[in-house]
Every structure is written in C-alpha cells, then in structure tokens.
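A.B. asks:
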Amino acid sequence: MKYLDEFSNPELAKKLLDQIHAATTKPWAIMEVCGGQTHSIIRHGIDQLLPKQIEMIHGPGCPVCVTPLEIIDKALAIAARPDVIFCSFGDMLRVPGSESDLFRIKSNGGDIRVVYSPLDALTIARQNPDRQVVFFGIGFETTAPANAMTVYQAQRLGITNFSLLVSHVLVPPAVAAIMESPTCRVQAFLAAGHVCSVMGTEEYPPLCEKYQVPIVVTGFEPLDILEGIRRTVLQLENGRYELENAYRRAVQAEGNLAAKQMLDDVFERTDRGWRGIGVIPDSGWRLAPKYRAYDAEHRFEVTDLHTDESPICRSGEVLQGLIKPHECSAFGKQCTPRTPLGATMVSSEGACAAYYLYRRLELREVSGV
Amino acid sequence: MDSWVCPVPLRDSPNIVMGHGGGGAMSGELVEHLFLPAFGASAAGGLSDSAVVSVGGIRLAFSTDSFVVKPMTFPGGSIGDLAVNGTVNDVAMSGARPLVLSTAFILEEGTTLASIAHVAEAVGAAAQIAGVRLVTGDTKVVDSGHGDGVYINTSGIGIIDEGVDIRPERARPGDVVIVSGDIGVHGVAILSCREGLEFGTTIRSDTAALNGLVADMIATGADLHVLRDPTRGGVAASLNEIARSAGVGVSLSERALPIPPGVRDACGLLGLDPLYVANEGKLLAFVDPADADRVLAAMRDNPLGGNASIIGEVVAEHPGMVVAKTGLGGTRVVDLPAGEQLPRIC
C-alpha cells in the first residue's frame, strides 16, 4: 500500500487545486455519492480549499446511514435471542434502533461478534452447530459479493445453522431518485470508485444522458477526489455531461465479472427502503428464491416488524443533499454521535458525524453548536 | 445508591458497555459521574493517571492499573510486560522515579501453568529493566470461562524530586507538544494477532518502561509542563484531556505525526484513525518553547525517544479542543473518542 502515499502528496494536491480554481467561473453543486468520499473530503479539509463557488453536497452513499430503522430493529430482535450468535461489521454496533442498539443488546447478554469478513461468520456457524449464526448483510455493491459468497458457500457445504439478514442497496437507482426530486440541486456526481470496481460503469452513461449530468468515477484518496472534482468542473464549465473514469487503477468498464456472476446467482433485485429517504424502486437486493432458506427475516419471523423514524431527524434531507448537517435544528444538540437521532450522525462515515467530528470549530460560530 | 441520579451522559445505557473501558469520553464520564459521586467525601485527588501525595515532606506518586489484554502474548510483548510498564509509566508521567510495584494475578481455571510462568517471567524481566522492585502481591483464581487466562493488576509508588512539577494543568499557550516516537503501534499489533489480520509486515508492540526517558528529560533542567503516556484512546484522547484540564487549545500538525507505514496501512484498511489507537511505550510532552530543542536532543539520545518529534503547540484559541492542520492545509477537530474505535464496513 506504499503507493497510496502518492495520492496524498501536498504538492500535487496544490497543483490540482490551482487547476480547479483556474477552471471555475460559476457556482456549481457537486454531489459525492459515497460516504467514504464525504469522510475523506471533510477529514482532509478538501472542501475548505476549493473555490467558494463549488459546493460539495454529501450524498446517500453511506451503507450504515441508509440502512432502514426497521432493519436495525429486526437485527436487534434477532440478536437478543439466546439461541443466536449475531455477527456484524463493527460500525453497525452503535447504530440506534427504535429503543436500543447492538452494544446494549450485547451488554444485556446477547452474543454479538464483530467480524472482518462475512466468511468468518460462516466459520463461527461451523464451530457452533447447536446455535443459529446470523450475519448482518448490509451495504452497497461493494460488500454484497462477499455476502452472496457466504450464502453460496453455506449451501454448498450444507451448513444449515447460518442465515443472512439482508439489506443491500444499489447506487444507480439512488442517483436517479436524487435527480428525479423536484428540489434537486445537484449538477454533477462523483461516483463511488469501489462500487464501480465491482459493477463496472455501464449503468452510468444512460444516467448522464437522461439527466444531462456529468458523472466522474472517483477514488478515495485526497488526490483522487481532487482529480474527480477537477474533471467534473471542466465538464460543467464546458457544458458536457459524460461519464469519465478518474479511477482507472481500480475500475474497468466491465467491472468484476466473477463478483457480478455471484450476485446474479444469489440475489435478485427488489424495491428497498432507504433510511430517511423512503422506498426507491428496484434499488436493492434480496436473496433469490433458491436461497430463501438462508433469509434471517423469515427464519426468525421478524418480517412483520414495522417501526417509524424520529420525527425531528432530518437525515433524509441530509442524505439527499437538500440541507447541510448543521442546518438541522437537532444537530449537535439533541443529536450528537453519543445521542444520535439518525444514522447520518452515528456512522463514522455519515455526513452529520463528519461535520460534528471535524467541523465543530467553524460551525460553533455559525450555529452555536 | 438509591439517591444516585443517573446523569445525562450515562442515561443512554443502563449497563456497562465496552465503550466504558475505551479510555475515551465514556470512561471519563463513568469516573466523573458514577465513581466520584459514589465515593463522596472519601475521594481525593484529581483525575490524573497517578495521584501525588505528600508523606513526611516527600512527594509520592501512586498509581494503579489493571490489564485485561487478549491474547496474553503478542508480537513485541505480553500482558506481563504491559502490567509492569503501564504502571511504571503512569507513575513516571508525574515526573516521579518509580520505586516499587505490587502485582495481583487473577487466573482463570484451566489456564496452563506454562503460560502463567511465561507471563510471570515477563513481569520479572520488565521490572528489572525498569529498575523497580516487586514488593507485594496477590493471587486469585476464577471459574473457567470467567476470564481470559490471566488478568493482572499492578500498583506503583515513586518519588518526585524537588523542583519537579509536571501535571496536565500546567499546559499553557506557546508550549511545544512533543511525541517520543511512532504512534499507534501497540494497538495495531494487538489487533493484528487478536483478529488474525496480517498487514504484510509483523507490527510489534512498543511496550516499554519510560521512566529512564523521563529521567533524561528532567536532567536537562528544562521546564517540562506536562507528560502523558497516550495509552487507551491514543494521542487524541490524551491531548483532549490535557487541553480540558488546562483550559487551553492544542494545534496539531498532521504532517508531523510519526506514523509508521504498517500502522497507517492497517488503519487505512480498517477505517481506524492512528491518533486514536493505543500506545504502550510512548509519551507526550508539553514543554516551554525555549527548552524544546534541548528536550528533543535528550529524548533522541535515549533509545526510547530516537524518533521524538514536535507535533504541535498549545494555543489560546479554541480552549479545551484539539484541532489538526491536515496534510493538504485544511483543518479538522480531533475530538475525544466516544468509546471503542470500530472497524468500518467499507
């Protein structure tokens, strides 16, 4: 990973910033779709260094943020069962459900384990044949192939005490939903490089054409992001709206064929609820009928569990780029990383958390936080 | 406890959660809002890692710490080294010369004698290197499944020489902030072996007794204002605690932070921030700017301070907050960690 240093080089960053400043003549609103990019922009202070006319709007691409409250509540109900070992990536543990979170379920005796790969959950299932092992399968196109592989392997190995709680969502339908909104202010997108490394880029040119919006596939290091912004600004200033790939070291047009094949086998497209946004048609995956036996929602009979979100939380508007985090009246007051109302505050990748963690100093003067 | 009213920061969890032991905001709130009120009039002293008490005109530093690390041995050390070095360092951070330690072992039924012997030998060897004597101790055994092999508690006493006054409240604007070497090493070493993660190179814990380094720094005659070993919660937690104690701001330079490539890569992979990762053989020093060069030179002459560097300064602005200048020239707030750092999903 040594070569990643090159993508944080301050001198090269300054050159790109100079080019962006030179190219910018009008105000532009650019959305970075991915929470990882949001985090990087805020953490490195990139937004402070851009021309004042460029507004970075933080998109819905945080897997933790957009997981619906209802799914969290289902996870909590399953994880509290004494017969279950509930496995999850670390950052889901703090995400609040209606009344609790996985940390609190754990402190009440729930057997909750942080894993670094869904295949670790399968190993735990093999080691504990008398327990039910559930993996919390959330995320975008990036995490879905490995989760699909886990179910495929479980079936192949005849492991029956494993199941997946699925809440996978897809980026392109979200981009379309944002552009369809009558209040949409987004004029260009930085597409998430790692999503495209799996799925390829073929879904994006039709979106560029339909909404006449430039989309630039962008990585996550500071120079990646500056290059993505530079290319986006050049398109905007020249009236172009094309797909460009500024992350060629990781993204091929056709994507990762093996991963796509695995996704096609294990999952099928479905309408999905997005936390704070609502249902976006055809925007998610669920297990295909031949793998339905591995669906934790059915296995533990939580399909009928329904819950509502906090009425004062405006994370949905944050996720759609309609307001900045500090423009929500609850920001930094009722809603902090310790007492989050919405997942945009609790996830380390969430826009609200990024603003709270890294920008409190300047926001203190603006909003009294 | 009937009269005890659960204060705001604890209201969101009726039980102890892992974050209460993370060395961040939740740990602090547990002490401040539960232990201190419960202790009532019996509580004495501040919230430093070691208490300073005067006995017969002699200032003693007294500290205690418990070690629950899993696994009991890891690249670069074991729970035995940690138990000695951790308490020696807590005592040394008030400028004291650590003299004696107690060791209390809580052993889990079924643990092999060979592994306990290995840990005990490590305790003895670490005490010898640190120049402290093990003067009292205790042993208990708990049922199988109620411990991770061995837990160790150590307490230590040291003497503070005349003229030495080192405590968090003494940080003041203009002070130079120095770190004694590479950060984040211990936390990543533990993570890599506990979770079976490999990062291309073996990262070894930096566990070490820092009393010799502190003695070298004091011997320069420099005006040392604050010393702190940034263990749980990492450099970020320690700097925040000092900033709050002294009511000053800390301005950090991200580019100046000594982060070894292996730590940076591992943290990048897991979505962790090296500023929040634990260290066990490093110290932070707040020094009068006029004395900074001489302190740095003395630190670099010591094997445990060879990579010492200036990472920031104390400022009058933003009191109680730590603000970092990013590598690209922007700024960000470096907050106290809420609880445990958690690896990110992607």
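Chain order of the listed sequences is A and B. Under numbering that gives the first Met the number 0, the letters of the first sequence match residues 0 to 368, in that order. Under numbering that gives the first Met the number 0, the letters of the second sequence match residues 0 to 345, in that order. We put the CB at the ideal spot given by N, CA and C, even for glycine. Being a predicted model, the structure only gives us computed values, none of them experimental.
So is Pro167 (chain B) buried or exposed if we call it buried at 16+ other beta carbons inside 10 Å?
C.D. replies: buried
A.B. asks: In whole angstroms, what separates the C-alpha of Gln47 (chain A) from that of Gln152 (chain A)?
C.D. replies: 47 Å
A.B. asks: Whose CA, out of A:Gly199, A:Glu220, A:Thr231, lies closest to the CA of Leu374 (chain A)?
C.D. replies: Any property of residue 374 (chain A) remains undetermined from this structure, which presents chain A solely from 0 to 368.
A.B. asks: For chain B, find out if any of its Cβ atoms is closer than 7 Å to the Cβ of Phe102 (chain A); answer yes or no.
C.D. replies: yes
A.B. asks: Determine, using beta carbons only, whether Ser162 (chain A) and Asn14 (chain B) come nearer to each other than 7 Å.
C.D. replies: no
A.B. asks: For a cutoff of 7 Å on Cβ pairs, would you count Ala12 (chain A) as touching chain B?
C.D. replies: yes
A.B. asks: Give the secondary structure of Val140 (chain B) by DSSP, where H, G and I count as helix, E and B as strand, and everything else as coil.
C.D. replies: strand
A.B. asks: Please list the partners that Asn107 (chain A) has in chain B, where partner means a Cβ-to-Cβ separation under 7 Å.
C.D. replies: Contacts between Asn107 (chain A) and chain B, judged by CB atoms closer than 7 Å, involve Asn14 in chain order.
A.B. asks: Could you give the distance in angstroms between the alpha-carbon of Tyr115 (chain A) and the alpha-carbon of Phe88 (chain A)?
C.D. replies: 6 Å
A.B. asks: Beta carbon of Val133 (chain A), beta carbon of Phe85 (chain A): below 7 Å?
C.D. replies: yes
A.B. asks: Since Ser250 (chain B) contacts Gly311 (chain B) with CB under 8 Å, what's their CB separation in whole angstroms?
C.D. replies: 5 Å
A.B. asks: Could you pull out every unbroken alpha helix (DSSP H) segment of at least 4 residues lying fully inside the segment 308 to 338 of chain A, listed in chain order?
C.D. replies: 314 to 318
A.B. asks: If you run the structure through DSSP and keep just helix, strand and coil, what is Met55 (chain A)?
C.D. replies: strand
A.B. asks: Is the CB of His43 (chain A) under 7 Å away from at least one CB in chain B?
C.D. replies: yes
A.B. asks: Consider the Cβ of Leu356 (chain A): report whether some Cβ of chain B lies at a distance smaller than 7 Å.
C.D. replies: yes
A.B. asks: Could you list which residues in chain B have their beta carbon closer than 9 Å to that of Pro9 (chain A), in chain order?
C.D. replies: Result: Arg254, Gly326, Leu327, Gly328.
A.B. asks: Distance, Cα to Cα, Met92 (chain B) vs Asn278 (chain B)?
C.D. replies: 14 Å
A.B. asks: Compare the C-beta of Val332 (chain B) with all C-beta atoms of chain A and state if any pair is closer than 7 Å.
C.D. replies: yes
A.B. asks: In three-state terms, what does DSSP make of Lys324 (chain B)?
C.D. replies: strand
A.B. asks: From what residue to what residue does the alpha helix (DSSP H) around Thr149 (chain A) run?
C.D. replies: Here the alpha helix (DSSP H) through Thr149 (chain A) covers 143 to 156.
A.B. asks: How many angstroms separate the CA atom of Tyr293 (chain A) from the CA atom of Thr159 (chain A)?
C.D. replies: 8 Å
A.B. asks: For Arg331 (chain B), does the three-state DSSP call read helix, strand or coil?
C.D. replies: strand
A.B. asks: For a test of the three-state rule: what should DSSP assign to Asp294 (chain A), helix, strand or coil?
C.D. replies: Correct three-state label for Asp294 (chain A): strand.
A.B. asks: Grouping DSSP H, G and I as helix and E and B as strand, with all else coil, what is Cys86 (chain A)?
C.D. replies: Here Cys86 (chain A) sits in strand by DSSP.
A.B. asks: Gly18 (chain B) touches chain A at which residues, Cβ-Cβ below 9 Å?
C.D. replies: Arg93, Phe102
A.B. asks: For Thr63 (chain B), collect the residues of the same chain with a Cβ closer than 6 Å to its Cβ; drop the 5 residues on either side in sequence, then sort them by chain order.
C.D. replies: Ser154
A.B. asks: Leu238 (chain B) lies in the alpha helix (DSSP H); which residues open and close that run?
C.D. replies: 233 to 245
A.B. asks: Might you give, ordered along the chain, the residues of its own chain that have their beta carbon closer than 8 Å to the beta carbon of Ser99 (chain A), omitting 5 neighbours on each side?
C.D. replies: Leu75
A.B. asks: How would you write the range of the beta strand (DSSP E) that Asp281 (chain A) sits in, first residue to last?
C.D. replies: 277 to 286
A.B. asks: Just the chain B side, please: which residues come within less than 9 Å of Arg359 (chain A) by C-beta, in chain order?
C.D. replies: Simply Met320, Val332, Asp334.
A.B. asks: Please return the same chain residues whose Cβ sits closer than 7 Å to the Cβ of Gly20 (chain B), not counting the five positions on each side in sequence.
C.D. replies: Ser26
A.B. asks: Taking the continuous alpha helix (DSSP H) assigned at Ser191 (chain B), which residues delimit it?
C.D. replies: 184 to 193
A.B. asks: For Asp110 (chain A), which beta-bridge partners are listed by DSSP?
C.D. replies: A:Ile84
A.B. asks: If you run the structure through DSSP and keep just helix, strand and coil, what is Val185 (chain A)?
C.D. replies: coil
A.B. asks: Could you tell me the alpha carbon to alpha carbon distance between Thr142 (chain A) and Phe299 (chain A), rounded to whole angstroms?
C.D. replies: Between Thr142 (chain A) and Phe299 (chain A), the C-alpha separation is close to 23 Å.
A.B. asks: Closest to Ala323 (chain B) by C-alpha separation, out of A:Ile41, A:Ala12, A:Pro26, A:Cys33, would be which residue?
C.D. replies: A:Ile41
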